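Trainee: Sequence lines, in order, name chains U and Y.
Our numbering numbers the first residue of the first sequence as 766 and each following residue consecutively.
Our numbering numbers the first residue of the second sequence as 4 and each following residue consecutively.
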Amino acid sequence: ELKVEQNPLFLSMQEGKNYTIYCNYSTTSDRLYWYRQDPGKSLESLFVLLSNGAVKQEGRLMASLDTKARLSTLHITAAVHDLSATYFCAVEIGSQGNLIFGKGTKLSVKP
Amino acid sequence: DTEVTQTPKHLVMGMTNKKSLKCEQHMGHRAMYWYKQKAKKPPELMFVYSYEKLSINESVPSRFSPECPNSSLLNLHLHALQPEDSALYLCASSHPGAGELFFGEGSRLTVL
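1) Using a Cβ-Cβ cut-off of less than 7 Å, list which residues of the stretch 27-41 of chain Y approach chain U; keep chain order.
2) Flag this pair as yes or no: are the beta carbons of U/Ser-837 and U/Ala-844 separated by less than 9 Å?
3) Rounded to whole angstroms, what's the CA-CA distance from U/Gly-824 to Y/Lys-39? Just pull it up for me.
4) Just to confirm the assignment, what range does the beta strand (DSSP E) spanning Y/Lys-39 have?
5) Rounding to the nearest angstrom, what Cα-Cα distance links U/Met-778 and U/Leu-839 in this structure?
6) Going by the DSSP bridge assignment, what does Y/Cys-26 pair with across the sheet?
7) Would you mind telling me which residues of chain Y sit closer than 7 Å to U/Glu-857, beta carbon to beta carbon, in chain order?
8) Establish whether the CB of Y/Arg-111 and some CB of chain U are separated by less than 9 Å.
9) For Y/Pro-45, return the contacting residues in chain U, with the cut-off set at a CB-CB distance below 7 Å.
10) Please report the distance separating the alpha-carbon of Y/Glu-108 from that of Y/His-32.
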């Protein structure tokens, strides 16, 4: 059974600081996704990582994937309040869109 | 059009009611999904339709009945639900096998 573990589950940071969210998974998969969810809202796709060594950046967020270590990271640079949300990583089983989500990291960026 | 549209946004129903959730997309995606998300929990897969055929049913109780009338529409028929079925129901779509899922805003269901 595939397990996806995120840490930390809660993250309170000050604006301007850097931090990293980690996502470990237990079985082989070459597809990893990062989503953002604001309270009461749906999931917004942030990154799709499809191969070992993949690195993608969008604004203050950068995601990477190491399939050998079964680890993905989401790095936040110079956080701003607008980044406050819950961030989920998800790993795909098979190729039919069956995503197993981590528990999510609730990020709170304080002025 | 890059949206997945779900209706209704909110639904309150009794345990004896029959209701339906609807989902529509016009991105040409041939895979559509229902996920269930309880409060403060991650989403969990319920059903996958690929080319309008049910390809995955994650052991969902029969009181939830999915239907895919055509490549753009996905319904979830609800009957005799329990209070513990109260959750946010998310529809998503993608190209089959292509990975990235696009989620709708969700239908927030409350069962009294």
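The beta-carbon is built from N, C-alpha and C at its ideal position, and this holds for glycine as well.
Just so you know, these numbers come straight off a predicted model, no measurement behind them.
Mentor: Taking the structure as given:
1) Ala-34 and Tyr-36
2) no
3) 30 Å
4) 34-40
5) 15 Å
6) Y/Gln-9 and Y/Leu-77
7) Gly-102
8) yes
9) Phe-853, Phe-866, Gly-867, Lys-868 and Gly-869
10) 17 Å
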